[in-house]
Amino acid sequence: MISSVYIAVSTLLLLPFAMASAAAQYHLDVTKQVSSCFFDCHVKVTNTIELQGKAANNFEWIKGNCRDEAWMNLMSECLPITCDSPPSVAYAVEYGTSFCQRGGADNVVIPIPQDYLDSPNGTYFKSEGYLNSGAVPNLLIAQSTTASMLVTVLVLGMTVTMVL
């Protein structure tokens, strides 16, 4: 059981917040309701960078952009300054995951910068309303310690805390 928990946790360590869902909290559908700040950032970023192996970029090249490290880094920085609220940032990240998946790039999660999470804006990501909204049932990633990663996982109602 620990190995399957470890695998689940290790694949999700990029997530800076619990697997809660702004989409669920606000009754939005990431497959039908676009995040305007995600779209704005995506257009700005694709106008800024060239895709590796190409001499250009286009906002319609979803799979290539979603797999591009520069795109990911710039989207991570753009969302907190373009979206008008922490719930908008959370929804933009969720929408981005769905957008990339529909474009053929699976397991894409745009990280929210730690300084944003440590600011007053980060309180949203620790709020009861957000944490209890649940995109993925019974799975929570907590915080990191200085020397190692402390991870709390709720699996079928059991809390397991591990140091990685």
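Per mature numbering (1 follows the signal peptide of the UniProt record, and there is no 0), the sequence shown runs over residues -24 to -1, 1 to 140.
By construction, the Cβ of each residue, glycine as well, lies at the ideal position given by its N, Cα and C atoms.
Quick caveat, the model's predicted, so the values are computed rather than measured.
query: CA-to-CA distance, Leu107 to Leu93, given in whole angstroms; result: 14 Å
query: Member of Ala32, Ala81 and Cys17 whose CA lies at the smallest distance from the CA of Asp60; result: Cys17
query: For Ala(-3) and Glu45, the rounded distance between their alpha carbons; result: 25 Å
query: Residue span of the alpha helix (DSSP H) that contains Pro96, given as start and end; result: Pro96 -> no alpha helix (DSSP H), and no H or E assigned at all.
query: Proximity winner among Cys54, Pro63 and Thr7, relative to Gly105 (alpha-carbon distances); result: Pro63
query: Cut-off 8 Å between Cβ atoms - residues of its own chain near Glu53, not counting five sequence neighbours on either side; result: Pro89
query: Own chain, CB closer than 6 Å to Gly80, minus 5 neighbours either side, in chain order; result: Lys39
query: Stretch-stretch touch, CB-based, cutoff 8 Å, three pairs: the stretch 21 to 34 with the stretch 69 to 87; result: no
query: Span of the alpha helix (DSSP H) around Phe35; result: Counting along the chain, Phe35 falls outside any alpha helix (DSSP H), and DSSP gives it neither H nor E.
query: Rounded straight-line distance, which links the Cα of Lys30 to that of Asp5; result: 33 Å
query: 8 Å Cβ shell around Asp82 - same chain, five flanking residues per side excluded; result: Cys76
query: Where Lys8 falls: helix, strand or coil (DSSP); result: coil
query: Distance CB(Ser109)-CB(Ala(-1)) smaller than 8 Å; result: yes
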